[in-house]
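S.K.: Those letters in the sequence shown? Residues 496 to 900, by the working numbering. C-beta: ideal position from N, C-alpha, C; glycine also. Since the structure is predicted, the reported quantities are computational estimates derived from the model, not experimental observations. Got a structure for you, written out below as structure tokens; questions coming shortly.
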Amino acid sequence: PPRHPYIALYNKYRAMFGTANTLVIVLEAKHGTIFDDPEIIAKVNRITLDLLHEVPGVNGEQVISITHPKLKTTLTSGTGIKIVPLMYPRLPQNAEDLRFLRQKVCATEGVRGFFVSPDDKATLISAGFWEEYFDLNTMWRKLQEIVTREQADGTVAIYVAGPPVLYAYFNEAIAKMGYVFLATGLAMVGLLWFYFRSVQGVVIPVFSGLMSAIWGLGFAALCGFTLDPLVLVVFVLITARALSHSVQSMERYHEEYLLCHDRETAILRSYVGLFSPAMVSIVADGLAILTIAIASIPLMQKLAFVASFWIVSIFLSVVTLHPIILSTVQPPRERPPRRRGSDRLYDGITRGLIGLATGRTRRAVLVVFAAMMVFGVYFARQLKIGDTNIGEALIYHGHPYNQAM
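Quick look at the structure:
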């Protein structure tokens with residue numbers, strides 16, 4: 496929340512100490528240590544300079560590596576004690592220089608174990624980014640160019656992690672999610688066709704769902720909300736709710752028409768009968784989602800307002816719009832398509848559920864229910880809340896980001 500002490504403290508001191516939007520790069524020697532080849536140290540220097548001069552949005556005060564002048568060491572000489580850069584201005588040129596550098600690393604507190612690994616095989620480079628000037632796409636493209644260039648000779652492996660990289664992977668995933676959304680839409684269309692076996696049975700619910708989606712996203716843009724890609728799945732579920740209401744109302748209309756054989760009468764009977772329960776159902780859904788807005792987390796508040804408006808708009812896209820559309824199209828066929836396989840399955844499930852609620856099986860159901868409750872409560876107490884590594888909860892275990900972390 497904006498007024499939380501943590502955020503207030505962060506905003507107050509970030510100009511002095513830097514941002515939390517920090518990129519971390521680890522360069523690891525594939526053979527030997529980083530002190531065996533001067534070219535490895537040269538790679539660290541090139542990456543450090545590229546972060547300072549080529550990558551947009553970098554806070555120069557937060558760039559640091561073993562080749563950066565900001566990393567200091569203490570030397571003694573005939574004139575006394577001097578505090579000088581660990582390496583700057585001269586990079587190691589030969590084995591003697593590398594040996595001296597290793598001595599300085601070992602003798603300087605806070606370098607080995609943090610900027611250089613204890614086994615001397617890897618070194619760390621970090622850079623912070625200003626949130627206001629952060630160009631995610633350009634940063635990621637430049638970073639990939641740097642990694643590809645420095646890994647080309649096969650002497651080192653480079654790992655990149657930190658919030659900027661995690662956001663970049665999410666940004667890449669958004670493009671791929673388009674195919675997932677397309678597959679989901681085709682699956683919904685296929686299910687509608689399987690159920691209604693008519694063009695209007697497919698087109699009308701899909702149109703209602705798309706109308707609610709456009710209104711919901713338009714409401715978000717009108718309010719100036721920015722939505723996190725991670726919550727997009729919520730809007731898919733809301734669209735599915737719109738399709739659900741649409742299917743229920745059309746099924747009721749078909750039933751009424753098969754009874755009275757008059758389009759206007761069937762529309763009037765079905766939608767007048769559905770008006771009250773549909774209104775209560777949709778408003779209850781919308782208000783229930785709106786309760787999330789009491790959370791002080793901005794992302795949850797935005798999600799609550801947009802999702803609530805989106806759900807309430809179903810009343811217009813389904814209950815109000817359907818009678819208008821149905822009055823302009825041909826009525827359903829006199830006999831509904833025969834779905835013998837699905838009817839037998841439905842009847843079997845229904846008989847099975849009724850059987851569980853009658854006779855001696857009722858006692859067995861109570862025993863199983865009690866056992867499952869005990870089982871659930873026991874394991875619920877062992878539930879782990881949160882992850883120390885944010886990537887573990889959001890992307891699969893073997894993802895390059897999690898491997899880098």
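Out of Asp592, Ile792, Val660, point me to the one whose CA is closest to proline 908's CA.
M.R.: Residue numbering for the chain in the displayed model covers 496 to 900; residue 908 lies beyond these limits and cannot be assessed.
S.K.: Rounded to whole angstroms, what is the Cα-Cα separation between alanine 656 and methionine 900?
M.R.: Your numbering for residue 656 matches position 161 in the sequence shown. Your numbering for residue 900 matches position 405 in the sequence shown. Straight-line Cα distance between these residues: approximately 6 Å.
S.K.: Keeping to the same chain, check which residues put their C-beta closer than 6 Å to that of proline 551; ignore five residues upstream and five downstream.
M.R.: Counted from its first residue, the sequence shown places residue 551 at position 56. Once the five neighbours on either side are set aside, the close Cβ partners of proline 551 are Asp630, Thr633.
S.K.: Buried or exposed: which applies to glutamine 588, given that a residue is buried once 16 or more other Cβ atoms fall within 10 Å of its Cβ?
M.R.: Start at 1 with the first residue of the sequence shown, and residue 588 comes out as number 93. Classification of glutamine 588: exposed, given that the 10 Å Cβ count is below 16.
S.K.: Quick check on the DSSP output: the beta strand (DSSP E) that includes proline 658 runs from which residue to which?
M.R.: The residue labelled residue 658 in the question sits at position 163 within the sequence shown. First-last for proline 658: 658 to 691, but that is the alpha helix (DSSP H), not the beta strand (DSSP E).
S.K.: DSSP three-state label for isoleucine 880, please.
M.R.: Locating residue 880 in the sequence shown gives position 385, where the first residue counts as 1. Isoleucine 880: coil per DSSP, three-state reduction.
S.K.: Could you check whether valine 728 and alanine 802 sit closer than 8 Å to each other, using their CB atoms as the reference points?
M.R.: Working through the sequence shown from its first residue, we reach residue 802 at position 307. Working through the sequence shown from its first residue, we reach residue 728 at position 233. No, Cβ-Cβ distance for alanine 802 and valine 728 is not below 8 Å.
S.K.: On the three-pair Cβ rule with 8 Å, is the segment 540 to 549 touching the segment 676 to 685?
M.R.: No, because fewer than three Cβ pairs between the segment 540 to 549 and the segment 676 to 685 fall closer than 8 Å, the two stretches do not touch.
S.K.: Per DSSP, what kind of secondary structure is leucine 570 in: helix, strand or coil?
M.R.: Counted from its first residue, the sequence shown places residue 570 at position 75. Leucine 570 falls in the strand class under three-state DSSP.
S.K.: Got a sec? Which residues, its chain only, sit under 7 Å from threonine 528 by beta carbon, not counting five neighbours each side?
M.R.: The residue given as residue 528 occupies position 33 in the sequence shown. Cβ neighbours of threonine 528 beyond the five flanking positions: Asp615, Lys616.
S.K.: Tyrosine 664 to tyrosine 628, Cα distance in whole Å?
M.R.: One-based indexing of the sequence shown puts residue 664 at position 169. One-based indexing of the sequence shown puts residue 628 at position 133. Cα to Cα, tyrosine 664 sits roughly 19 Å from tyrosine 628.
S.K.: So, are the CB atoms of histidine 817 and methionine 745 less than 8 Å apart?
M.R.: Counting from one through the sequence shown, the residue named residue 817 turns up at place 322. Counting from one through the sequence shown, the residue named residue 745 turns up at place 250. Yes; because the gap between Cβ atoms is below 8 Å, this pair is in contact.
S.K.: Alpha carbon to alpha carbon, how far is valine 726 from glycine 649? Give it in angstroms, no decimals.
M.R.: Locating residue 649 in the sequence shown gives position 154, counting from the first residue. Locating residue 726 in the sequence shown gives position 231, counting from the first residue. Distance between the alpha carbons of glycine 649 and valine 726 is about 40 Å.
S.K.: Find the nearest neighbour of proline 827 within the set Leu798, Gly696, Leu722, judged by alpha-carbon distance.
M.R.: Looking up residue 827 in the sequence shown gives position 332. For the residues Leu798, Gly696, Leu722, the minimum Cα distance to proline 827 belongs to Gly696.
S.K.: Note the first and the last residue of the continuous alpha helix (DSSP H) segment covering valine 807.
M.R.: To locate residue 807, count along the sequence shown from 1; it is residue 312. Per DSSP, valine 807 belongs to the alpha helix (DSSP H) from 793 to 807.
S.K.: DSSP beta-bridge partners for leucine 518?
M.R.: The residue you call residue 518 lines up with position 23 of the sequence shown. Ala622.
S.K.: Taking the continuous alpha helix (DSSP H) assigned at glycine 871, which residues delimit it?
M.R.: Along the sequence shown, read from residue 1 onward, the residue named residue 871 stands at position 376. Here the alpha helix (DSSP H) through glycine 871 covers 856 to 875.
S.K.: In whole angstroms, what is the alpha-carbon distance linking proline 658 and leucine 518?
M.R.: Position 163 of the sequence shown, counting from 1, holds the residue named residue 658. Position 23 of the sequence shown, counting from 1, holds the residue named residue 518. Computed Cα separation, rounded: 7 Å.
S.K.: Leaving aside the five residues before and after tyrosine 891 along the sequence, list all residues of the same chain whose C-beta is less than 8 Å from its C-beta, in chain order.
M.R.: Working through the sequence shown from its first residue, we reach residue 891 at position 396. Answer for tyrosine 891: Asn897, listed in chain order.
S.K.: So what does glutamate 523 bridge to, in DSSP terms?
M.R.: For the purposes of this step, residue 523 is taken as residue 28 along the sequence shown, with counting starting at 1. Paired residue(s): Ala617, Ala652.
S.K.: Since leucine 581 and isoleucine 559 are thought to touch, with beta carbons under 8 Å apart, how far apart are those beta carbons, to the nearest angstrom?
M.R.: Residue 581 sits at position 86 when you count from the first residue of the sequence shown. Residue 559 sits at position 64 when you count from the first residue of the sequence shown. Actually they are not in contact, since the Cβ atoms of leucine 581 and isoleucine 559 sit about 10 Å apart, beyond 8 Å.
S.K.: Do serine 822 and tryptophan 710 have their CB atoms nearer than 8 Å?
M.R.: Looking up residue 822 in the sequence shown gives position 327. Looking up residue 710 in the sequence shown gives position 215. No. Outside cutoff.
S.K.: To the nearest angstrom, how far is it from the Cα of alanine 647 to the Cα of isoleucine 641?
M.R.: Stepping through the sequence shown from its first residue, residue 647 is reached at position 152. Stepping through the sequence shown from its first residue, residue 641 is reached at position 146. Taking the straight line from one Cα to the other gives about 10 Å.
S.K.: To test your reading of the DSSP string, which unbroken alpha helix (DSSP H) runs of 4 or more residues are found completely within the segment 528 to 603?
M.R.: Correct list: 533 to 548, 590 to 602.
S.K.: Could you say which of Cys718, Thr760, Pro724 lies nearest to lysine 671 if we only look at CA atoms?
M.R.: On the sequence shown, residue 671 is found 176 positions in, with the first residue counted as 1. Nearest option by C-alpha distance: Pro724.
S.K.: Please state the DSSP three-state secondary structure of valine 606.
M.R.: In the sequence shown, the residue the question calls residue 606 occupies position 111. Here valine 606 sits in coil by DSSP.
S.K.: Does the Cβ-Cβ distance between phenylalanine 804 and methionine 774 come in under 8 Å?
M.R.: What you label residue 804 is simply residue 309 of the sequence shown in a count that begins at 1. What you label residue 774 is simply residue 279 of the sequence shown in a count that begins at 1. Contact: no.
S.K.: Rounded to a whole number of angstroms, what is the C-alpha to C-alpha distance between tyrosine 583 and glycine 555?
M.R.: Locating residue 583 in the sequence shown gives position 88, where the first residue counts as 1. Locating residue 555 in the sequence shown gives position 60, where the first residue counts as 1. Near 16 Å, if we compare the C-alpha coordinates of glycine 555 and tyrosine 583.
S.K.: Is the beta carbon of isoleucine 620 sitting closer than 8 Å to the one on isoleucine 542?
M.R.: Numbered from its first residue, the sequence shown carries residue 620 at position 125. Numbered from its first residue, the sequence shown carries residue 542 at position 47. Yes, these two residues count as a Cβ contact at 8 Å.
S.K.: Which value, in whole angstroms, describes the spacing of the CA atoms of threonine 574 and phenylalanine 595?
M.R.: Numbered from its first residue, the sequence shown carries residue 574 at position 79. Numbered from its first residue, the sequence shown carries residue 595 at position 100. Answer to the nearest angstrom: the Cα atoms are 20 Å apart.
S.K.: Could you check where the alpha helix (DSSP H) with isoleucine 787 kicks off and where it finishes?
M.R.: Position 292 of the sequence shown, counting from 1, holds the residue named residue 787. Run containing isoleucine 787: none; DSSP gives neither H nor E here.
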